[in-house]
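Student: Protein sequences, first through last, are from chains A and B.
FYI, the numbering for the first sequence is 1 to 314, going by this note's numbering.
FYI, the numbering for the second sequence is 315 to 628, going by this note's numbering.
Cβ coordinates follow ideal geometry from the N, Cα and C atoms, glycine included.
Note that the structure is a prediction, hence the values are computed from the model and not measured.
There are 2 protein chains.
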Amino acid sequence: MKKITDLLPLKYPIIQAGMVWVSGGKLAAASANAGILGVIGAGSMKPELLKEHILKAKSLTNHPERLAVNVPLLYEKTKEQLQVSLDLGIKIFITSAGSPKTYTAWLKEQGAVVIHVTSTPELAKKCEAAGCDAIIAEGFEAGGHNGRDEITTMVLIPQVVEAVKIPVIAAGGIIDGRGIAAAMCLGAQGVQMGTRFVTSFESSAHDHFKNAIIHSTPSSTMLTLKKNVPVRLLKNKFFEDIKKLEDQGASEEELVSLLGKGRARLGMLEGNLEEGELEIGQGCSMIKKTQTVQEIVTEIISEYNEIKNNLIEF
Amino acid sequence: MKKITDLLPLKYPIIQAGMVWVSGGKLAAASANAGILGVIGAGSMKPELLKEHILKAKSLTNHPERLAVNVPLLYEKTKEQLQVSLDLGIKIFITSAGSPKTYTAWLKEQGAVVIHVTSTPELAKKCEAAGCDAIIAEGFEAGGHNGRDEITTMVLIPQVVEAVKIPVIAAGGIIDGRGIAAAMCLGAQGVQMGTRFVTSFESSAHDHFKNAIIHSTPSSTMLTLKKNVPVRLLKNKFFEDIKKLEDQGASEEELVSLLGKGRARLGMLEGNLEEGELEIGQGCSMIKKTQTVQEIVTEIISEYNEIKNNLIEF
Numbered sequence: 001m002k003k004i005t006d007l008l009p010l011k012y013p014i015i016q017a018g019m020v021w022v023s024g025g026k027l028a029a030a031s032a033n034a035g036i037l038g039v040i041g042a043g044s045m046k047p048e049l050l051k052e053h054i055l056k057a058k059s060l061t062n063h064p065e066r067l068a069v070n071v072p073l074l075y076e077k078t079k080e081q082l083q084v085s086l087d088l089g090i091k092i093f094i095t096s097a098g099s100p101k102t103y104t105a106w107l108k109e110q111g112a113v114v115i116h117v118t119s120t121p122e123l124a125k126k127c128e129a130a131g132c133d134a135i136i137a138e139g140f141e142a143g144g145h146n147g148r149d150e151i152t153t154m155v156l157i158p159q160v161v162e163a164v165k166i167p168v169i170a171a172g173g174i175i176d177g178r179g180i181a182a183a184m185c186l187g188a189q190g191v192q193m194g195t196r197f198v199t200s201f202e203s204s205a206h207d208h209f210k211n212a213i214i215h216s217t218p219s220s221t222m223l224t225l226k227k228n229v230p231v232r233l234l235k236n237k238f239f240e241d242i243k244k245l246e247d248q249g250a251s252e253e254e255l256v257s258l259l260g261k262g263r264a265r266l267g268m269l270e271g272n273l274e275e276g277e278l279e280i281g282q283g284c285s286m287i288k289k290t291q292t293v294q295e296i297v298t299e300i301i302s303e304y305n306e307i308k309n310n311l312i313e314f
Numbered sequence: 315m316k317k318i319t320d321l322l323p324l325k326y327p328i329i330q331a332g333m334v335w336v337s338g339g340k341l342a343a344a345s346a347n348a349g350i351l352g353v354i355g356a357g358s359m360k361p362e363l364l365k366e367h368i369l370k371a372k373s374l375t376n377h378p379e380r381l382a383v384n385v386p387l388l389y390e391k392t393k394e395q396l397q398v399s400l401d402l403g404i405k406i407f408i409t410s411a412g413s414p415k416t417y418t419a420w421l422k423e424q425g426a427v428v429i430h431v432t433s434t435p436e437l438a439k440k441c442e443a444a445g446c447d448a449i450i451a452e453g454f455e456a457g458g459h460n461g462r463d464e465i466t467t468m469v470l471i472p473q474v475v476e477a478v479k480i481p482v483i484a485a486g487g488i489i490d491g492r493g494i495a496a497a498m499c500l501g502a503q504g505v506q507m508g509t510r511f512v513t514s515f516e517s518s519a520h521d522h523f524k525n526a527i528i529h530s531t532p533s534s535t536m537l538t539l540k541k542n543v544p545v546r547l548l549k550n551k552f553f554e555d556i557k558k559l560e561d562q563g564a565s566e567e568e569l570v571s572l573l574g575k576g577r578a579r580l581g582m583l584e585g586n587l588e589e590g591e592l593e594i595g596q597g598c599s600m601i602k603k604t605q606t607v608q609e610i611v612t613e614i615i616s617e618y619n620e621i622k623n624n625l626i627e628f
């Protein structure tokens, strides 16, 4: 089996997740500088804005080879997003929310590495068949959009590892060295972490959102909108509004109407904690403070090695 | 901090979970013989039947000190169940589904070790304050009754470990050496495994139920009955009947009426896969065959040590 560190030019097998309204050029560059994969989340960006963020990231790092773009395959501008990225020298793509068949072969022809995000072993097999180089297997704990089968990281990772021959990167509920070590024990070759980097100094999340995360509890998030597209949110008024409608048996249309547009931007970027959508992983309550990306990476690597060296023999 | 292996006279820090209709005297004795904690699940037993199972277990093992009883604190016969067990020399109790305050002090006066099952760090603190000797922290993945906050093992364990000074045993989604190693990385001192032992040769589960587990997929279980008492079930006709009622906005009373009585016995002990309630953990699809408890324990210990020795340095 190919190793993830042969596939990606990283110091550590860690991916900073692409996240709408949170992971722009500044965060991606900080991640690349810290030795991990810096991913620009293109989901919320028009091609022009994505171009700006890629250029910004490149101007802030001497490791452009550690920059990647995350493209959810569900917007009409997907092809343009991919083309803009390729034109600016991006060679690593993380794709999600759509069929891995659509763009993988074409991206590979352009010399790119393609990693698709999955939430079941079945989809992982389809990714492998479509030619993906690696899989990010994301558990129920993860923030934002999530699978319908509610398979947790603990249960998902070993089964995805068994299902495919390509490397598997674990995601969902991984906040620190403890989670990284657990994921490696489950058979992953690396991890993707999103939530931990939302509160990083370099993330674009609003300070109000960062503070809400730092003061959250293990019960602060919940997977919701299961009839539409399941998404894990920090509980707030917006979440309660959704829940009330769902409990009343609202239709998909009624829910879409409540949601309106721009809720994610309103919450995560503009800091409206009442009316905004706050996508975050269940592990958010393990985050105690804001740190730079470099501080986070140094800390989690040290934690990982300490745990590894202290595991008892049975 | 006290070590779990000082607290429990075991060869390995592994607890075979007490499970209604599945873990009787035969399974508990096999577990004790294999060096782990053998737990009789008293939930489905009247005191007279519990007595029979304890006597049976004692007759089948030279390690009666490794026998325990799991008592859900919600039936009227709870005190009698505890008394019968104490009278027969049981010194280790696992309590769940009720306040740890009710019986812990009294059981400690009788010289017993008390371990309470929790699904949140907050409840873990209450257990510690009530005098419990250890905590079993059980994640969303676990079979049977489960917490309302849907906190997964990956996210729950580190936070319970931080919340209390007493030893923490991880449960939920742990099927083999990979899961055990992951749990130890997350800070647990040991693990409780239920689902894996349901398919053991010595379990009382019906062969039809065992076969259904062996042929299950990662999507085969789901947490349901969230308005009443959340429970993770293998999907079958009975599960779909509940789901249909819930989707129609049924009241708690309507649901209780559908459920009727004896569904768990019908499914798990009598093997009615259509109309019975099949409680099982999400990790069930990792189980490939029926084995003796000794085979399972030998295998998972060997897996654990191999994973421990092969973890890469970052």
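Once DSSP output is grouped into helix, strand and coil, what is the label at N146 of chain A?
Tutor: Mapped onto the first sequence, residue 146 of chain A falls at position 146. Residue state, collapsed to three classes: coil.
Student: Give me the residue from A:V71, A:K56, A:N70 with the minimum Cα distance to P64 of chain A.
Tutor: For this step, residue 64 of chain A is matched to residue 64 along the first sequence. With distances taken between Cα atoms, P64 of chain A lies closest to A:K56.
Student: Does the Cβ-Cβ distance between I615 of chain B and S514 of chain B come in under 8 Å?
Tutor: Taking the second sequence and counting its residues from 1, the one referred to as residue 615 of chain B is at position 301. Taking the second sequence and counting its residues from 1, the one referred to as residue 514 of chain B is at position 200. Their beta carbons are not under 8 Å apart, which means I615 of chain B does not touch S514 of chain B by this criterion.
Student: By the 10 Å Cβ neighbour count, where 16 or more other Cβ atoms means buried, how is L388 of chain B classified, buried or exposed?
Tutor: Looking up residue 388 of chain B in the second sequence gives position 74. Flag for L388 of chain B reads exposed.
Student: Going along the chain, which residues of its own chain have a beta-carbon closer than 7 Å to the beta-carbon of I318 of chain B, five neighbours each way excluded?
Tutor: As a working note, residue 318 of chain B is residue 4 in the second sequence. Same-chain partners within the cutoff: P327, A448, P481, I483, Q503, G504.
Student: Thinking just about the alpha-carbon of each residue, which of B:M582, B:S533, B:A495 is nearest to the one in D521 of chain B?
Tutor: Taking the first residue of the second sequence as position 1, residue 521 of chain B is located at position 207. Among B:M582, B:S533, B:A495, the Cα nearest to that of D521 of chain B belongs to B:M582.
Student: Pick helix, strand or coil for T538 of chain B, following the three-state DSSP scheme.
Tutor: The residue labelled residue 538 of chain B in the question sits at position 224 within the second sequence. It is a strand residue.
Student: Quick check on E627 of chain B - is its C-beta less than 8 Å from some C-beta in chain A?
Tutor: Residue mapping note: residue 627 of chain B aligns to position 313 of the second sequence, counting from 1. Judged by the 8 Å Cβ criterion, E627 of chain B is in contact with chain A.
Student: Is there a Cβ from chain B that is less than 8 Å from the Cβ of A182 of chain A?
Tutor: To locate residue 182 of chain A, count along the first sequence from 1; it is residue 182. Yes, its Cβ sits closer than 8 Å to a Cβ of chain B.
Student: For R232 of chain A, list the residues DSSP reports as bridge partners.
Tutor: Against the first sequence, residue 232 of chain A aligns to sequence position 232. In DSSP, R232 of chain A forms a bridge with A:G144, A:L223.
Student: Return helix, strand or coil for N347 of chain B, following the three-state DSSP convention.
Tutor: Walking along the second sequence from the start, residue 347 of chain B turns up at place 33. Correct three-state label for N347 of chain B: helix.
Student: What does V297 of chain A reach in chain B if we use C-beta pairs closer than 7 Å?
Tutor: By one-based count along the first sequence, residue 297 of chain A stands at place 297. Here the premise fails: no neighbours, minimum Cβ distance about 10 Å.
Student: Rounded to the nearest angstrom, how far is the Cβ of V478 of chain B from that of E442 of chain B, given a contact under 8 Å?
Tutor: Here residue 478 of chain B is taken as the residue at index 164 of the second sequence, counted from 1. Here residue 442 of chain B is taken as the residue at index 128 of the second sequence, counted from 1. Confirmed, about 4 Å.
Student: Between which two residues does the beta strand (DSSP E) harbouring V113 of chain A extend?
Tutor: Along the first sequence, read from residue 1 onward, the residue named residue 113 of chain A stands at position 113. Taken as a continuous stretch (DSSP letters only), the beta strand (DSSP E) holding V113 of chain A covers 113-118.
Student: Got a sec? Which residues, its chain only, sit under 6 Å from A112 of chain A by beta carbon, not counting five neighbours each side?
Tutor: As a position in the first sequence, residue 112 of chain A is number 112, starting the count at 1. So the qualifying residues of the chain are K91, F93.
Student: So for F93 of chain A, helix, strand or coil by DSSP?
Tutor: Along the first sequence, read from residue 1 onward, the residue named residue 93 of chain A stands at position 93. Of the three classes helix, strand and coil, the one that applies to F93 of chain A here is strand, per DSSP.
Student: Three-state secondary structure (DSSP) at P414 of chain B?
Tutor: As a working note, residue 414 of chain B is residue 100 in the second sequence. Of the three classes helix, strand and coil, the one that applies to P414 of chain B here is coil, per DSSP.
Student: I'd like to know if the segment 468-477 of chain B and the segment 595-605 of chain B are in contact, where contact means that at least 3 CB-CB pairs between them fall below 8 Å.
Tutor: The segment 468-477 of chain B, when compared against the segment 595-605 of chain B, does not touch it at the 8 Å Cβ threshold.
Student: When DSSP labels each residue in this structure, what does Q506 of chain B get in the three-state scheme?
Tutor: The count along the second sequence starts at 1 and reaches residue 506 of chain B at position 192. In the structure shown, Q506 of chain B sits in a strand (DSSP, three-state: E or B).
Student: Are the segment 522-531 of chain B and the segment 340-357 of chain B touching, with three or more C-beta to C-beta distances below 8 Å?
Tutor: As far as the Cβ criterion goes, the segment 522-531 of chain B does not touch the segment 340-357 of chain B, which means the pair count is below three.
Student: Can you tell me where the alpha helix (DSSP H) with L67 of chain A in it begins and where it stops?
Tutor: Reading the first sequence from its first residue, position 67 is the one you call residue 67 of chain A. Note, L67 of chain A: premise wrong, no alpha helix (DSSP H); beta strand (DSSP E) at 67-72.
Student: What span of residues does the beta strand (DSSP E) with A171 of chain A cover, start to end?
Tutor: Start at 1 with the first residue of the first sequence, and residue 171 of chain A comes out as number 171. Its beta strand (DSSP E) spans residues 168-171.
Student: Counting only the same chain and skipping the five closest in sequence on each side, list residues whose C-beta sits under 6 Å from that of Q192 of chain A.
Tutor: The residue you call residue 192 of chain A lines up with position 192 of the first sequence. Excluding residues within five positions, the ones whose Cβ falls inside 6 Å are I15, A17, I136, I169, A171.
Student: Under 7 Å between beta-carbons, which chain A residues line up against R492 of chain B? List them in chain order, please.
Tutor: Reading the second sequence from its first residue, position 178 is the one you call residue 492 of chain B. Residues of chain A passing the Cβ test: P158, C185, L186, G187.
Student: How about F93 of chain A: is its C-beta nearer than 8 Å to some C-beta of chain B?
Tutor: Translated into positions along the first sequence, residue 93 of chain A becomes position 93. Output row for F93 of chain A: interface = no.
Student: Measuring alpha carbon to alpha carbon, tell me which of A:C185, A:G98, A:L223 ends up nearest I151 of chain A.
Tutor: Within the first sequence, the letter at position 151 stands for residue 151 of chain A. Closest option to I151 of chain A, Cα to Cα, is A:L223.
Student: So E305 of chain A contacts chain B; which residues on that side make the cut at Cβ distance below 8 Å?
Tutor: Counted from its first residue, the first sequence places residue 305 of chain A at position 305. With the sequence shown as reference, residue 305 of chain A is identified as Asn, and Glu is not the correct amino acid for it. Within 8 Å Cβ-Cβ: E627, F628.
Student: Do we get a CB-CB distance below 8 Å when we pair M317 of chain A with the residues of chain B?
Tutor: The shown model of chain A, from 1 to 314, leaves out residue 317 of chain A, and the question about it has no answer.
Student: Using a C-beta to C-beta distance shorter than 8 Å, which residues of chain B count as neighbours of D6 of chain A?
Tutor: Counting from one through the first sequence, the residue named residue 6 of chain A turns up at place 6. Residues of chain B passing the Cβ test: none, with the nearest at roughly 14 Å.
Student: Given a threshold of 16 other Cβ atoms within 10 Å of its Cβ, counted over all protein chains shown, does G574 of chain B qualify as buried or as exposed?
Tutor: For the purposes of this step, residue 574 of chain B is identified with residue 260 of the second sequence, where counting begins at 1. Exposed is the call here.
Student: Starting from I621 of chain B, follow the alpha helix (DSSP H) in both directions and report where the run begins and ends.
Tutor: Mapped onto the second sequence, residue 621 of chain B falls at position 307. Its alpha helix (DSSP H) spans residues 607-624.
Student: For the segment 508-531 of chain B, list every residue whose C-beta sits within 7 Å of some C-beta in chain A, in sequence order.
Tutor: Listed by position along the chain: nothing, the set is empty.
Student: Residues of chain B with a CB under 7 Å from the CB of P121 of chain A: which are they?
Tutor: The residue labelled residue 121 of chain A in the question sits at position 121 within the first sequence. Neighbours of P121 of chain A on chain B, chain order: P532.
Student: Please name the residue, chosen from B:L548, B:I489, B:F553, that lies closest to E617 of chain B on a Cα-to-Cα basis.
Tutor: Position 303 of the second sequence, counted from the first residue, corresponds to residue 617 of chain B. Of the candidates B:L548, B:I489, B:F553, the one whose C-alpha sits nearest the C-alpha of E617 of chain B is B:I489.
Student: Can you name, in chain order, every residue of its own chain whose Cβ lies under 7 Å from the Cβ of G89 of chain A, other than the five neighbours on each side?
Tutor: Counting from 1 along the first sequence, the entry for residue 89 of chain A is found at position 89. These residues qualify, in order along the chain: P64.
Student: Determine which residues of the segment 34-67 of chain A have a Cβ less than 8 Å from any Cβ of chain B, and write them out in chain order.
Tutor: Cβ contacts with chain B: none found.
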